[in-house]
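Here the structure comes first, spelled out in structure tokens, and everything after it is commentary.
There are 2 protein chains.
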Amino acid sequence: MMIFMELRQLQYTLQIAADKNFSRAAEKLHIAQPSLSQQLSKLEKELGVLLFQRNTSSVELTHAGASFVEHAQKIMDAVEQLKQEMSDISQLRKGKVVVGSMPITGSHLLPRVLPAFKKGYPDIEITLLEDTSMNLEKLTASGKADLSLLALPLTEPSLSWIPIGEEMIDLAVPPQHKLARRAAHDPLRPISLDEIRDEEFVVLKKGQGFRKLTFDICREAGFEPKVVFESNNIETLQSLVATGMGVTLVPRFIARAKRSEFIPVYLPLAEPVPSRTLVVAFRNGRYLSKAADAFIDTFKQVMDKLVVESVRE
Amino acid sequence: MMIFMELRQLQYTLQIAADKNFSRAAEKLHIAQPSLSQQLSKLEKELGVLLFQRNTSSVELTHAGASFVEHAQKIMDAVEQLKQEMSDISQLRKGKVVVGSMPITGSHLLPRVLPAFKKGYPDIEITLLEDTSMNLEKLTASGKADLSLLALPLTEPSLSWIPIGEEMIDLAVPPQHKLARRAAHDPLRPISLDEIRDEEFVVLKKGQGFRKLTFDICREAGFEPKVVFESNNIETLQSLVATGMGVTLVPRFIARAKRSEFIPVYLPLAEPVPSRTLVVAFRNGRYLSKAADAFIDTFKQVMDKLVVESVRE
DNA sequence: AGATGTAATAGGATACAGCTATAACGGGGT
DNA sequence: ACCCCGTTATAGCTGTATCCTATTACATCT
Chain G
1 MMIFMELRQL
11 QYTLQIAADK
21 NFSRAAEKLH
31 IAQPSLSQQL
41 SKLEKELGVL
51 LFQRNTSSVE
61 LTHAGASFVE
71 HAQKIMDAVE
81 QLKQEMSDIS
91 QLRKGKVVVG
101 SMPITGSHLL
111 PRVLPAFKKG
121 YPDIEITLLE
131 DTSMNLEKLT
141 ASGKADLSLL
151 ALPLTEPSLS
161 WIPIGEEMID
171 LAVPPQHKLA
181 RRAAHDPLRP
191 ISLDEIRDEE
201 FVVLKKGQGF
211 RKLTFDICRE
221 AGFEPKVVFE
231 SNNIETLQSL
241 VATGMGVTLV
251 PRFIARAKRS
261 EFIPVYLPLA
271 EPVPSRTLVV
281 AFRNGRYLSK
291 AADAFIDTFK
301 QVMDKLVVES
311 VRE
Chain A
1 MMIFMELRQL
11 QYTLQIAADK
21 NFSRAAEKLH
31 IAQPSLSQQL
41 SKLEKELGVL
51 LFQRNTSSVE
61 LTHAGASFVE
71 HAQKIMDAVE
81 QLKQEMSDIS
91 QLRKGKVVVG
101 SMPITGSHLL
111 PRVLPAFKKG
121 YPDIEITLLE
131 DTSMNLEKLT
141 ASGKADLSLL
151 ALPLTEPSLS
161 WIPIGEEMID
171 LAVPPQHKLA
181 RRAAHDPLRP
191 ISLDEIRDEE
201 FVVLKKGQGF
211 RKLTFDICRE
221 AGFEPKVVFE
231 SNNIETLQSL
241 VATGMGVTLV
251 PRFIARAKRS
261 EFIPVYLPLA
271 EPVPSRTLVV
281 AFRNGRYLSK
291 AADAFIDTFK
301 QVMDKLVVES
311 VRE
């Protein structure tokens, strides 16, 4: 005979064993006494074993019943643990988020976000995945990353995104460049893109999102940048600019980074200041775990605070 | 929100996790696919956590789901173990019986029964409880012993009994007694009780069942035994008889016992041969576990065999 | 675009745990 | 010896929750 035992019956049995009295056990279980009798009878019939030696005046465990209770207790403990675990996850006391980010944003933004997140959700684990924009989009689309920190525009059509903030783009020139000197004397005068149309540019190699943005910005201003060098590493570009190889456009978070040597001069550009939109991207229509949701929230808050600080400076 | 999780849902979830496909999982669970979807949805709603990241083309565990499955697997394993245990008990592959017996029967009958029982039910544990008839009746009535090996009549009204066998009662006389000598010459001539009406008797002390039986037998034969000594130990009585202190009546199983020295001569009594009825007693209306049932059965079989052997000798 | 495979939804049927009422029992009191 | 109290078991009914079939809504591959 098939046994269709359910947790309810384990719980009922444990309560009877604890009280040694059907009526009181039923009361604690918030059911009527006959229901309890029925359930136990059904269970005993299924098991083919009498669990309690009972008559109208006493209720005692049989040997089989004692063995049953011992096992059942362990099971109910494990069930409680499972419920607690799920509750913890649901209440954001536990969880895991895999976050992808580009090396640039990873090294400059996340260090500000992660501590704040850890403070709010100390037991949610964050796994970081650094890669190029293109790879990150793929990882996120396939679900290997829960969400990624990217800049618009995205190429993967299966990704949705939430804007995180607008990152201004500055001009980097060598310290001895004439625009650097002018800015030193006249810091309030912004530099228009038109003034650098004949400069020599160092830019990122093809396939990196920011290279394309650089070209787009220049074209928008009516010229094609004259490229004299390309690198895969945006930090390398800074050093190249610092040593006089040319100029380049840089996201402001890069410009702010502290470097020990080979530091270019960073100059703000005139209105309309070019910028890029940073977003958190995740798979289209994919359920975001509460932990991932919380991460995005924290991110937005931290970014807002950053922007305010930028304005103050 | 209260969580009414049931084993069915754990099982369903595990199957989905194993197949990563609702339709196939439903098939293995012998339910329709929509039922499975419903159950999972309900569970997720109760837990407040998404267990599977799913769309029409793929089904993947979330972090929460992975954690759930891990716990659920352990629980289902424990449940399986519990079912197995109960099945073992129900199929008499396991169990425990507490058997009470008087020292006499315990030392002479049980050594014959236990090996046979162990052979048939190797994993059923037998716990032996030796005590006086009176105490055994109490222990059995209170449920501390599952069953007891006693002789009629019983005094506890709450006990039922099943006859196990009829034990003949012999006469024990000193080796040099005239009846012993007569039996040596004329072994076929039985001794009538009337022939020992003037003998001096050694008997058990008050409170022991067999003392009362001895007196009843003598009175039935029309005389009051002349008591010259009393002991609590029936073995002691044998020695006393052997050394010529008097005669006594003995259950045949005692008579059969091998003793190294001080052996009386045992003589059969004439028809109607006095006897006592050995019974297995258990609590009135009490459910006898299958294991206890099996023990009684084995006991009866062994006793039948013993009787047959007795007749052959 | 259309075909195929898959999960979700809708709506109806059914099984089962729950209920109330009542019976059956056991033990302790008068 | 009998009745009463506390208890468990049984009977019969009800409502909910799980299951079913039929259908819809997607997503992927051809």
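Heads up: the protein sequence lines correspond to chains G and A, in order. UniProt numbering puts the first residue of the first sequence at 1, with every later residue one more than the last. UniProt numbering puts the first residue of the second sequence at 1, with every later residue one more than the last. Just so you know, even glycine gets a beta-carbon here, dropped at the ideal spot from N, CA and C.
Contacts around residue i, its chain only, beta-carbon distance under 6 Å, and the 5 residues preceding and following it disregarded
i, result
"residue 265 of chain G", "173, 175 and 180"
"residue 44 of chain G", "50 and 51"
"residue 156 of chain G", "137 and 141"
"residue 112 of chain A", "302"
"residue 96 of chain G", "125"
"residue 232 of chain G", "205"
"residue 289 of chain A", "none"
Beta-carbon spacing of residue i, residue j below 8 Å
i, j, result
"residue 64 of chain G", "residue 51 of chain G", "yes"
"residue 62 of chain G", "residue 73 of chain G", "no"
"residue 152 of chain G", "residue 292 of chain G", "no"
"residue 268 of chain G", "residue 170 of chain G", "yes"
"residue 104 of chain A", "residue 114 of chain A", "no"
"residue 134 of chain A", "residue 222 of chain A", "no"
"residue 3 of chain A", "residue 47 of chain A", "yes"
"residue 316 of chain G", "residue 214 of chain G", "For chain G, the structure presents residues 1 to 313; residue 316 of chain G sits outside this window and is missing."
"residue 21 of chain A", "residue 59 of chain A", "yes"
"residue 93 of chain G", "residue 167 of chain G", "no"
"residue 262 of chain A", "residue 239 of chain A", "yes"
"residue 18 of chain A", "residue 36 of chain A", "no"
"residue 149 of chain A", "residue 109 of chain A", "yes"
"residue 23 of chain G", "residue 33 of chain G", "yes"
"residue 164 of chain G", "residue 295 of chain G", "no"
"residue 226 of chain A", "residue 200 of chain A", "yes"
"residue 66 of chain A", "residue 71 of chain G", "no"
"residue 191 of chain G", "residue 116 of chain G", "no"
"residue 241 of chain G", "residue 273 of chain G", "no"
"residue 75 of chain G", "residue 75 of chain A", "yes"
"residue 7 of chain A", "residue 129 of chain G", "no"
Contact with chain G by residue i, beta-carbon distance below 8 Å
i, result
"residue 68 of chain A", "yes"
"residue 29 of chain A", "no"
"residue 234 of chain A", "no"
"residue 168 of chain A", "no"
"residue 141 of chain A", "no"
"residue 64 of chain A", "yes"
Min CB distance residue i to chain A below 8 Å
i, result
"residue 147 of chain G", "no"
"residue 17 of chain G", "no"
"residue 252 of chain G", "no"
"residue 297 of chain G", "no"
"residue 289 of chain G", "yes"
"residue 126 of chain G", "no"
"residue 162 of chain G", "no"
"residue 3 of chain G", "yes"
Which residues DSSP lists as bridging residue i, in chain order
i, result
"residue 56 of chain G", "Paired residues: none, contrary to the question."
"residue 276 of chain G", "G:167"
"residue 191 of chain G", "G:269"
"residue 124 of chain G", "G:95"
"residue 330 of chain A", "No answer is possible for residue 330 of chain A: it lies beyond the span of chain A, which begins at 1 and ends at 313."
"residue 248 of chain A", "A:172"
"residue 61 of chain A", "A:52"
"residue 230 of chain G", "G:203"
"residue 151 of chain A", "A:278"
"residue 101 of chain G", "G:130 and G:149"
Sequence-distant residues of the same chain with beta carbon closer than 7 Å to residue i, five excluded per side
i, result
"residue 352 of chain G", "No statement about residue 352 of chain G is possible, as the shown extent of chain G runs from 1 to 313 and does not include it."
"residue 154 of chain G", "137, 161 and 281"
"residue 185 of chain G", "none"
Residue i CB to nearest heavy atom of the ligand SAM below 7 Å
i, result
"residue 213 of chain A", "Among the components modelled here there is no ligand, and therefore nothing to report on the ligand SAM."
Cutoff 8 Å; reference residue i; Cβ partners in own chain excluding five residues on either side
i, result
"residue 29 of chain A", "11, 12, 15 and 36"
"residue 195 of chain A", "179"
"residue 56 of chain A", "none"
- Query: In chain order, what residues of the stretch 71-102 of chain A put their CB closer than 7 Å to some CB of chain G?
  - Reply: 71, 72, 74, 75, 78, 79, 81, 82, 83, 85, 86, 89, 90, 95 and 96
- Message: Beta carbons nearer than 8 Å to chain A: which residues of the UniProt domain "HTH lysR-type" (5-62) of chain G have them?
- Response: Cβ contacts with chain A: 5, 6, 7, 8, 47, 48, 49, 50, 53, 55, 60 and 62.
- Looking at chain A, which residues of the stretch 195-220 of chain G have a Cβ within less than 8 Å of any of its Cβ atoms? none
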